[in-house]
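Colleague:
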Ligand SMILES: [Zn+2]
């Protein structure tokens, strides 16, 4: 791998020649409608949805989508990736996604063969199946099988996960602390996240059942990315488990999915 891609952050859950890249013009109106029908987008106002679509088209004009390993990328998948990718920045503006170019798409989980050096200087060969990864300063990689099960309001969303890493990377350190808006004290963010992270790691270490994916205990960066999935996909679970984290994310993303999705979630779990 080129040296300037010095850090990557992946999602745990075979490369051939790249196919021709799908351009934004290949997506029909019916493809957009089908992608927009995902439960994730329930409750968006027509005006919100118009903004989401405009941001999605901006993403597709700015980034190259590159299918590899015989991945088949149709118009619906392309629209679904773009719409889910820009949901976190609906009220942040597109500029936060600039500075890198490529989204690489595998048909399913992929197993990179790479070497990592540990704290003692020992090099290990790592082969671990991934559903996505985000390179600092480089591409974002997604498994289309995992994209296909994202957006169902089940708490899992590989697209939001990897784009959350990209947001986290904007200030250099990939540590679960993105660039906060003015009026958002770092202390409030750190207190909410550190308290929740310590509690969550303790539960996972004790083999307790958790409502959140135990993968979030991997690191503060993964905690932020996984909890971003819950913020948009299952805000009821996140706000019930770590309300202070939900509040910080509401301020950061400038959205309130709990409010927006309440009728949909109520329909899924009637009292
Ligand atoms: Zn990750």
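Residue numbers (this note's numbering): 9 to 279. Glycine included, C-beta positions come from ideal geometry on N, C-alpha and C.
1) Is residue 140 close to ligand 1? I mean its beta-carbon at under 8 Å from any heavy atom of the ligand.
2) With DSSP collapsed to three states, give me the class of residue 278.
3) Does the segment 128–140 come close enough to the segment 190–208 to have 3 or more Cβ pairs within less than 8 Å?
4) Go through its chain and collect everything with a Cβ distance to residue 59's Cβ below 8 Å, but skip five positions before and after it.
5) Name the DSSP beta bridge partners of residue 96, please?
6) Report the option in 272, 111, 270 and 257 whose CA atom is closest to the CA atom of residue 100.
7) Return the CA-CA distance between residue 174 and residue 232, expressed in angstroms with no decimal places.
8) Looking at the secondary structure, which residues open and close the beta strand (DSSP E) in which residue 143 lies?
9) Restricting to Cα atoms, I'd like to know which of 236, 209 and 183 is closest to residue 144.
10) Distance check for residue 72 and residue 108, CA to CA, integer angstroms please.
11) Figure out for me which residue from 205, 83, 121 and 267 has the closest Cα to the Cα of residue 252.
Modeller: Well, looking at it:
1) Residue numbering aside, residue 140 sits at position 132 when the chain shown is read from its first letter. Relative to ligand 1, the beta carbon of residue 140 is positioned inside 8 Å of a heavy atom.
2) Position 270 of the chain shown, counted from the start, is the residue given in the question as residue 278. DSSP, read as helix, strand or coil, puts residue 278 in coil.
3) no
4) Within the chain shown, the letter at position 51 stands for residue 59. Contacts found: 98.
5) As a working note, residue 96 is residue 88 in the chain shown. According to DSSP, which records beta bridges pairwise, residue 96 is partnered with nothing at all.
6) Counting from one through the chain shown, the residue named residue 100 turns up at place 92. The shortest Cα separation from residue 100 among 272, 111, 270 and 257 belongs to 257.
7) By 1-based counting over the chain shown, the position of residue 174 is 166. By 1-based counting over the chain shown, the position of residue 232 is 224. Cα to Cα, residue 174 sits roughly 11 Å from residue 232.
8) In the chain shown, residue 143 corresponds to position 135, counting from 1. Run containing residue 143: 138–143, per the beta strand (DSSP E) assignment.
9) Counted from its first residue, the chain shown places residue 144 at position 136. Comparing Cα positions, the closest option is 183.
10) What you label residue 108 is simply residue 100 of the chain shown in a count that begins at 1. What you label residue 72 is simply residue 64 of the chain shown in a count that begins at 1. When rounded, the distance between both Cα atoms is 10 Å.
11) Numbered from its first residue, the chain shown carries residue 252 at position 244. It is 205.
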